[in-house]
Amino acid sequence: MNGSQQDISTGWERWLERFVALDRRWIFLVLGSVVVLFLVVPVSMPVTVSEQVRAMYETIEALPPGARVHLSIDYGPGSEAELWPQHIAILRQLLEKDCKVICSSLWTDGPPMIEKAFTVVVGQLEREGKKKVRGVDYVNLGFKAGDRVAIAKIGSSFKGAFPTDYQGNPTANLPIMQGWDTYRDIDLLITIAVGDPGAVEYIQQAQSRYGMRMVAGVTAVISPQLYPYYQSRNLLGFVGGLAGAAEYEKLVGRPGYATRGMFIQSAVHILIVGLVLAGNAAQFWLWWLRRRKGARV
Amino acid sequence: MRNRVPVFICGFVGIFMILKYFSTYSPFAKIAEELEQWGMVTLSFAIVLGVLNLIKINLKAVMERKKDWGYKLLLLVSMFTMMIAGGVKWYREEMAGRATGGLPVAIHDSLFDFMFDHVYFPLSATIFALLAFFVASAAFRAFRAKNVHATLLLVAAVIVMIGRVPIGGAIWKGFPWLQEWIMTWPNTAGQRAIQIGAAIGMIATGLRVIFGVEKPYLKG
Amino acid sequence: MRMPLPFEQTARTSADRAIHRVAKAWGIALVLLASESGAWAAETQRILPKEWNYLDVGKLPVLITLLLFGAFYLYLYRETKVGRPMRLRRLPGIDAIEEAIARATEMGRPVLFIPGINDIDDIQTLAGINILSHVAYIAAEYDTPLIVACRRSVVLTISEEVVKAASLAAGRPENYIPNNMRYLSDDQFAFTAGVNGIMLRERPASCIYQGCFYSESLTLAETGSMSGAIQVAGTANVAQLPFFVAACDFTLIGEEFFAASAYLSRDPSVVASIEAADRLKMVYLIVILVGVALATAVNLFPSPTLMTYLQLLKEIF
Chain D
0 MNGSQQDIST GWERWLERFV ALDRRWIFLV LGSVVVLFLV VPVSMPVTVS EQVRAMYETI
60 EALPPGARVH LSIDYGPGSE AELWPQHIAI LRQLLEKDCK VICSSLWTDG PPMIEKAFTV
120 VVGQLEREGK KKVRGVDYVN LGFKAGDRVA IAKIGSSFKG AFPTDYQGNP TANLPIMQGW
180 DTYRDIDLLI TIAVGDPGAV EYIQQAQSRY GMRMVAGVTA VISPQLYPYY QSRNLLGFVG
240 GLAGAAEYEK LVGRPGYATR GMFIQSAVHI LIVGLVLAGN AAQFWLWWLR RRKGARV
Chain W
0 MRNRVPVFIC GFVGIFMILK YFSTYSPFAK IAEELEQWGM VTLSFAIVLG VLNLIKINLK
60 AVMERKKDWG YKLLLLVSMF TMMIAGGVKW YREEMAGRAT GGLPVAIHDS LFDFMFDHVY
120 FPLSATIFAL LAFFVASAAF RAFRAKNVHA TLLLVAAVIV MIGRVPIGGA IWKGFPWLQE
180 WIMTWPNTAG QRAIQIGAAI GMIATGLRVI FGVEKPYLKG
Chain X
0 MRMPLPFEQT ARTSADRAIH RVAKAWGIAL VLLASESGAW AAETQRILPK EWNYLDVGKL
60 PVLITLLLFG AFYLYLYRET KVGRPMRLRR LPGIDAIEEA IARATEMGRP VLFIPGINDI
120 DDIQTLAGIN ILSHVAYIAA EYDTPLIVAC RRSVVLTISE EVVKAASLAA GRPENYIPNN
180 MRYLSDDQFA FTAGVNGIML RERPASCIYQ GCFYSESLTL AETGSMSGAI QVAGTANVAQ
240 LPFFVAACDF TLIGEEFFAA SAYLSRDPSV VASIEAADRL KMVYLIVILV GVALATAVNL
300 FPSPTLMTYL QLLKEIF
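In structure tokens form, the structure reads like this:
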């Protein structure tokens, strides 16, 4: 009896040991399958809006028509999956409110993202009968090299930092650029950023220097870093990752890619939590079996 | 002498940068901006050194048919293809610019743009997307309740992971609030503490380098 | 209605007058706004003497930090020179670096070192290169090959020099292998893919990440863990710390990372700067505590004097 009991516990032990040291490729396989499954079978989820996302939405909503907004797109295609939904939602809100949107990027691969977003949003608005003109309502100033130094340069003179826009037109001749040139003339600074240079650099080099209103959209990894700046009111609000974008889509009343992605993200989070808890349970069970065995011996 | 000149240059440039930062006196700003431009130009030229290193190491491996030489050949072919395509794009823009009387012209339908959009974009996104898989495997391995600290980390991680997504609110209404509380208070306190410590560490290291106490650029 | 009260009118005690003199010396004119409801608000005006015109007053707190650090450093450096013992607490992460190299030696496999992904103008890269110098020295002593992967060409050039010099200093110049000093790509994710390739093909026994890292941190650390390497990371990039902590065996967090070179070199001039940084931190800790206490007191017992003290503290730090 004792012997068979020991066999059973050894059998369990073997299984538990295998699970505790599970080959990560199994995790990748399960994770990939869950994502593919819920991409094919979409399920909708109710979204709860967090305080900082609401604050960002309200800051933009409070802008008067014709307000000048510098929208710095500081991400490339690598982080498109996470930042594209908030980029589109924010750009559309700005153009719908008749704000003047001045876009630029501190990342070499940012300007194509700006172009892509303009094509999508301006196209949508045009189909709805709202015509937006390049150079009058919006502009893509392109890329500026120099990271932190570039931010300072942009702040002191937009026309100096960008003599031409992305299409090669002299910025001094564009109607949207008439009558202003520095951060002191900007009503709101928005950065949609993935890393360095990004939101923190803009706060340090531009917001704290010129004191203008600023909000940001960042990846989920960066968002914990922004809480101190939100508390100190350097940032009036921020959106973090796909979950933040889904909240923003809810606020602007146009559920899109992020909202659709919420069930997938929820499922993946639950899967990871489940794996973590199962791993802990297995580890504890293994410890208990070994302890019992040790006591018997 | 061999060591003194670089230390002097570093100190001189560093002191100008400090003066520019604290002073409103415009000549300091002008000199510092000029020095910054020099720095940017030097760094841009230095890429040649990197490319030469890449060619030297990989070409040698290909010539000697070393292990995995096929990958190295692919790397060299990709690099030269992109370089040539970029050169052609630049030439076309120059020519188009001259035709318009010197105004800059941007061309977005070149082979370079095609490869940028259809090769570089998806490859970049793929490597970034790997992060999601690695987060899962790292979480499975790292979040084990081995002691009190690890248990606290585990509990916080589980609450934030569940509370951050809509399903958290559907399971229990308190999850999003708890998540927000953890992020707003304990997280912010920790972030601030680390940021203050790191900022002071940066000041100390920066001053050590500027005043030549430490010379990491001079170990040779 | 809000009634502005110049500081002179609110100063009642000798302590108030002393504070007023300090404020005046800094060119700060404090004006309190009193409302009928009894709530207080403070406004600050800068009235600076002419000779201060060249100073950007908005950056005064940073200047004070630098001056305080300089004063602590000079004092401690002099003290260390005259024989004051150096006090540095043990950093398990740094001890682990030597263990990691020893393990690579036992296994007959190389050590991989990455000095972050930023250029040489980032202070974290400089700190990483300082650590590389020590790693290269130990690796040369143990006769273990060291691979250095760089994202920036200037960092590569400096790393080459550093490893060459350290190998020479350790008495094994042959340990510097030019083909092991690798520039991979300036692009973040191409660099990440390149490093992952090195980890999976050349199977380093130890991976040491010291510098500034971004979203590639977990991809690198997990691939390293997958290849079975012992891993030691160090960064001041707060957003990436959780990833390194989860996937690496040891992580140097923030200031520990900057203190590493002092810990490794034991050079009195460098150790003095670490102690100076610690003392500066203590000053800030006290300022924060006093600030919190004052802000709480102002809320609980609204008073012009307390408000003045709080405003002055904000202005100076």
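Protein chains in written order, with numbering that gives the first Met the number 0: chain D, 0 to 296; chain W, 0 to 219; chain X, 0 to 316. Yeah, the Cβ is synthetic: ideal placement off N, Cα and C, and Gly gets one too. The structure presented is a predicted model; accordingly, all values stated were derived computationally and were not measured.
Simplified DSSP state of residue i, which is helix, strand or coil
{"i": "THR222 of chain X", "result": "helix"}
{"i": "ALA166 of chain D", "result": "In the sequence on display, residue 166 of chain D carries Gln and not Ala. The answer is coil: DSSP assigns GLN166 of chain D none of H, G, I, E or B."}
{"i": "LEU54 of chain X", "result": "strand"}
{"i": "LYS66 of chain W", "result": "coil"}
{"i": "SER156 of chain D", "result": "coil"}
{"i": "PHE161 of chain D", "result": "coil"}
{"i": "TYR208 of chain X", "result": "strand"}
{"i": "TYR137 of chain D", "result": "strand"}
{"i": "ILE102 of chain W", "result": "The sequence given here has Leu at residue 102 of chain W, not Ile. The answer is coil: DSSP assigns LEU102 of chain W none of H, G, I, E or B."}
{"i": "SER71 of chain D", "result": "strand"}
{"i": "PHE300 of chain X", "result": "coil"}
{"i": "LYS131 of chain D", "result": "coil"}
{"i": "LYS214 of chain W", "result": "coil"}
{"i": "LEU105 of chain D", "result": "coil"}
{"i": "GLY239 of chain D", "result": "strand"}
{"i": "THR250 of chain X", "result": "strand"}
{"i": "GLN264 of chain D", "result": "helix"}
{"i": "PHE15 of chain W", "result": "helix"}
Bridge-paired residues (DSSP) for residue i
{"i": "ASN279 of chain D", "result": "Looking at the DSSP assignment, ASN279 of chain D forms no beta bridge with any residue, so it has no partner."}
{"i": "LEU110 of chain W", "result": "DSSP output for LEU110 of chain W lists no bridge partner at all."}
{"i": "CYS149 of chain X", "result": "X:TYR182"}
{"i": "LYS313 of chain X", "result": "LYS313 of chain X pairs with nothing; no bridge assigned."}
{"i": "MET201 of chain W", "result": "Partner(s): none; MET201 of chain W has no beta bridge."}
{"i": "LYS80 of chain X", "result": "Beta-bridge pairing links LYS80 of chain X to no other residue."}
{"i": "LYS99 of chain D", "result": "D:ARG67"}
{"i": "MET213 of chain D", "result": "D:LEU188"}
{"i": "LEU111 of chain X", "result": "X:ILE146 and X:CYS206"}
Cut-off 8 Å between Cβ atoms - residues of its own chain near residue i, not counting five sequence neighbours on either side
{"i": "ILE100 of chain X", "result": "VAL110, VAL134, ILE137, ALA138, TYR141, THR143 and SER205"}
{"i": "MET281 of chain X", "result": "none"}
Close-in-space but distant-in-sequence residues of the same chain around residue i (CB under 7 Å, 5 per side omitted)
{"i": "PHE71 of chain X", "result": "ALA275, ARG278 and LEU279"}
{"i": "GLY212 of chain X", "result": "Checking the sequence, you will find Phe at residue 212 of chain X rather than Gly. GLY115, ILE116, THR234, ASN236 and GLN239, listed in sequence order."}
{"i": "ALA168 of chain X", "result": "TYR136"}
is_contact[residue i, chain X] using C-beta, thresh 9 Å
{"i": "ASP195 of chain D", "result": "yes"}
{"i": "GLU213 of chain W", "result": "yes"}
{"i": "MET182 of chain W", "result": "no"}
Cutoff 9 Å: residue i Cβ touching any chain D Cβ
{"i": "GLY57 of chain X", "result": "yes"}
{"i": "ASN195 of chain X", "result": "no"}
{"i": "ILE126 of chain W", "result": "yes"}
{"i": "ALA14 of chain X", "result": "no"}
{"i": "ALA238 of chain X", "result": "yes"}
{"i": "ILE30 of chain W", "result": "no"}
Min CB distance residue i to chain W below 9 Å
{"i": "ASN178 of chain X", "result": "yes"}
{"i": "LEU276 of chain D", "result": "yes"}
{"i": "PHE319 of chain D", "result": "There is no way to answer for residue 319 of chain D, as the model of chain D reaches only from 0 to 296."}
{"i": "ILE315 of chain X", "result": "no"}
{"i": "PHE161 of chain D", "result": "no"}
{"i": "VAL254 of chain X", "result": "For the record, residue 254 of chain X in the displayed sequence is Glu; it is not Val. Judged by the 9 Å Cβ criterion, GLU254 of chain X is in contact with chain W."}
Nearest candidate by alpha-carbon position, reference residue i, set the options
{"i": "PRO175 of chain W", "options": "D:VAL135, D:ILE101, D:LEU38 and D:SER265", "result": "D:SER265"}
{"i": "PHE243 of chain X", "options": "W:PRO215, W:ARG140 and W:ALA188", "result": "W:ARG140"}
{"i": "GLN166 of chain D", "options": "W:ALA192, W:ALA105, W:MET114 and W:ARG163", "result": "W:ALA105"}
{"i": "GLY290 of chain X", "options": "X:ILE128, X:ILE146, X:SER272 and X:GLU314", "result": "X:GLU314"}
{"i": "GLN67 of chain X", "options": "X:TYR283, X:CYS247 and X:CYS149", "result": "Looking at the sequence shown, residue 67 of chain X is not Gln but Leu. Among X:TYR283, X:CYS247 and X:CYS149, the Cα nearest to that of LEU67 of chain X belongs to X:TYR283."}
{"i": "ALA165 of chain X", "options": "W:LEU102, W:HIS107, W:GLN194 and W:TYR216", "result": "W:TYR216"}
{"i": "LEU152 of chain W", "options": "D:LEU105, D:ASN279, D:SER156 and D:TRP14", "result": "D:ASN279"}
{"i": "ALA189 of chain X", "options": "W:PRO165, W:PHE120 and W:ALA135", "result": "W:PHE120"}
{"i": "LEU82 of chain D", "options": "D:ARG23, D:GLY260, D:ARG291 and D:GLN123", "result": "D:GLY260"}
{"i": "PHE11 of chain W", "options": "W:THR23, W:LEU34 and W:TYR24", "result": "W:LEU34"}
{"i": "PHE44 of chain W", "options": "X:ARG151, X:GLY107 and X:LEU87", "result": "X:ARG151"}
Beta-carbon proximity list for residue i, same chain, < 6 Å, skipping 5 on both sides
{"i": "PHE18 of chain D", "result": "ALA281"}
{"i": "ALA28 of chain W", "result": "LYS19"}
{"i": "GLU248 of chain D", "result": "ALA88, PRO254, GLY255, ALA257 and THR258"}
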